[in-house]
Amino acid sequence: MHVDLLTLYLLLVGTLLASSGMTLWEHRSHPKRSKELKVLAAGFATLAIGCAAALFRHNLPGVTGSALSNLVILTGYLLIMQGVALLSGRQYRAATIGLLLLMASIWALGGTRWQETVWAYVSAAPIAVASGMTARELLRCDSMKGLQSRYIAMMVAGVHAVFYAARAVILPWLATRYGQDLLSAAGKITMYEGVLYSVVLPMTLLKLIREESHGALLRESQTDYLTRLGNRRWFFEEGARILAEGETCRPVSLLAFDLDHFKKINDRFGHKTGDEVLKSFAEVARSVMGREAILGRIGGEEFAALLPLQDGLRAKELGELIVRCFAETVSHRTDGVDIQTTVSIGLAASTSATSTLGDLLSAADEALYIAKSRGGNRLEWAQHAASQEVAK
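Quick note, this note's numbering runs 618 ahead of the 1-based positions in the sequence shown.
Laid out in structure tokens, this is it:
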């Protein structure tokens, strides 16, 4: 099927305008990314205006039409780059202005004599630079690492950059060797590739932002609002997953925590002070155990930590360090009075792959009960506590 250049231009303009409209509409659903989406929408719309202006570039005298349409198109690419860069909190205002001024100077110096050469070859270079920077910004976007759409968008922008770099560097040589028919074919290929770019990149960027929002909502649903640790549901789901994926006979330990006399603190100093105590414990526990521990708040003043690949002795060292650090921490100060609290810990350890999270938590709870009965501010190990009880 034969498709003429005018039809491709109109298709390109239409897809860019549709992409701009959908991107602008989407900003209401993602307020945290509203600015980025607005800039991207402006970029797609500006690119569409530039492509439409290119249809009438010969209607203006001299190089005016070609220069203006090219600069508008370049502005669209640069806005897209800015929108992607904003996803990581970066901006390239100076680079954007500099690239536009450089291209405007080239048009002014080239004049009517070099008009077609600049349009066909030279103008492709800054577009390649802008698209390459867009791909680079997607690669550097740490907040979206692991999202599949990021790699697709990066590939689309990267391929676009390579295509225009080839148009600027390789096409002049090929056109000299094979004639103007090749240049006409290259124009149609550029339009085909541009239509794909105008559809795939906007859709992929929208999907990327939706994936990011979905991930943020999922993390929020799994996070305790006060301590910012995992909540009860997350702890049991993640703990069960870790145990299910574990190798046979690998060590695993579980610590169950309960803040001592927490109800008295709430009753005497108020719930605000109690909240500060809970946040203080969460900070101490996380700093001691690190990011590898599956640490969650499973009740009011109750916490639990699953320690994969940690045997009982290592878990005991960590637990006792938490006991000491928390006892030495001033959790809050009210009316000049320092609020110092303590924690009781129950430890259960297993090297058997058949142990379930429920088994470990039950054993740790029994040890925790013994720790509380012995005055608190201490750690009890399930197997040791059980043997001592039998000896009595």
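Note that CB positions come from ideal geometry on N, CA and C, so glycine has one too.
Note that the structure is predicted; figures quoted are calculated from it, not measured.
Beta carbon of residue i nearer than 8 Å to that of residue j
i: Ser749; j: Tyr695; result: yes
i: Ala922; j: Asn995; result: no
i: Met773; j: Leu757; result: no
i: Leu844; j: Lys881; result: no
i: Leu924; j: Gly848; result: no
i: Gly716; j: Val690; result: no
i: Val906; j: Leu873; result: no
i: Gly661; j: Leu697; result: yes
i: Glu654; j: Leu705; result: yes
i: Val787; j: Thr752; result: no
i: Leu965; j: Ser871; result: yes
i: Lys763; j: Leu626; result: no
i: Ile883; j: Arg651; result: no
i: Glu920; j: Phe875; result: yes
Three-way DSSP call (helix, strand, coil) for residue i in this model
i: Gly993; result: coil
i: Ile770; result: helix
i: Trp999; result: strand
i: Thr866; result: Note on Thr866: pLDDT 49, under 50, position unreliable in the model; no value is reported.
i: Gln733; result: helix
i: Thr947; result: coil
i: Ser638; result: helix
i: Tyr627; result: helix
i: Glu893; result: Position check: residue 893 holds Asp in this sequence, whereas Glu was assumed. Helix.
i: Gly632; result: helix
i: Val1008; result: The pLDDT assigned to Val1008 is 35, lower than 50, so where the model puts this residue is not dependable, and the model offers no usable value.
i: Ala858; result: helix
Boundaries (first-last residue) of the beta strand (DSSP E) holding residue i
i: Leu872; result: Val870 to Leu877
i: Glu920; result: Glu920 to Pro926
i: Gly964; result: Val961 to Ser968
i: Gly914; result: Ile912 to Arg915
Selected residue, minimal CA-CA separation from residue i, among the options
i: Tyr987; options: Glu910, Ser684 and Leu877; result: Leu877
i: Met699; options: Val690, Val813 and Arg754; result: Arg754
i: Leu814; options: Trp999, Gly632 and Leu997; result: Gly632
i: Leu861; options: Thr625, Asp977 and Asn677; result: Asp977
i: Leu635; options: Ser706, Glu734 and Val817; result: Val817
i: Leu692; options: Glu734, Leu629, Arg708 and Val747; result: Val747
i: Trp737; options: Arg711, Val777, His676 and Ser761; result: His676
i: Gln840; options: Glu829, Phe853 and Ser831; result: Phe853
i: Val941; options: Glu920, Ile963 and Gln928; result: Ile963
i: Ala685; options: Arg711, Leu655, Gly728 and Gly661; result: Gly728
i: Ile916; options: Ser980, Arg904, Asp842 and Ala966; result: Asp842
i: Gly680; options: Leu965, Trp732, Cys943 and Leu630; result: Trp732
i: Ala1000; options: Ala981, Arg708, Leu939 and Val902; result: Ala981
i: Asp956; options: Thr808, Lys806 and Val895; result: Val895
i: Ala743; options: Glu734, Phe781, Lys934 and Gly683; result: Phe781
i: Ala659; options: Glu863, Pro820 and Leu826; result: Pro820
i: Gly993; options: Arg904, Thr730 and His879; result: His879
i: Trp725; options: Leu765, Leu665, Thr682 and Ala712; result: Thr682
i: Arg708; options: Met721, Ser761, Asn688 and Ala666; result: Ser761
i: Thr730; options: Lys656, Val777 and Leu678; result: Leu678
i: Leu931; options: Lys656, Ala985, Pro869 and Ala775; result: Pro869
i: Ala666; options: Ala834, Ser637, Gln766 and Val777; result: Ser637
i: Leu718; options: Thr735, Tyr739 and Ile745; result: Ile745
i: Arg850; options: Ile912, Arg785 and Trp791; result: Ile912
i: Thr664; options: Pro649, Gly812, Ser687 and Phe674; result: Ser687
Continuous alpha helix (DSSP H) stretch holding residue i: start and end
i: Ser647; result: Segment: none, Ser647 is in no alpha helix (DSSP H) and carries neither H nor E.
i: Pro744; result: Ala742 to Arg758
i: Asn849; result: Looking at the DSSP string, Asn849 is not in any alpha helix (DSSP H), and its letter there is neither H nor E.
i: Met699; result: Thr682 to Leu704
i: Ala713; result: Arg711 to Gly728
i: Asp929; result: Premise fails: Asp929 is in no alpha helix (DSSP H) and is neither H nor E.
i: Arg886; result: Phe880 to Phe887
Closer than 7 Å: residue i CB and nearest the ligand GDP heavy atom
i: Ala636; result: What this structure holds is no ligand at all, so the ligand GDP is not there to describe.
Could I get the ranges of all uninterrupted alpha helix (DSSP H) runs contained in the stretch 781-849, with 4 residues as the minimum, in chain order?
-> 789-796 and 798-839
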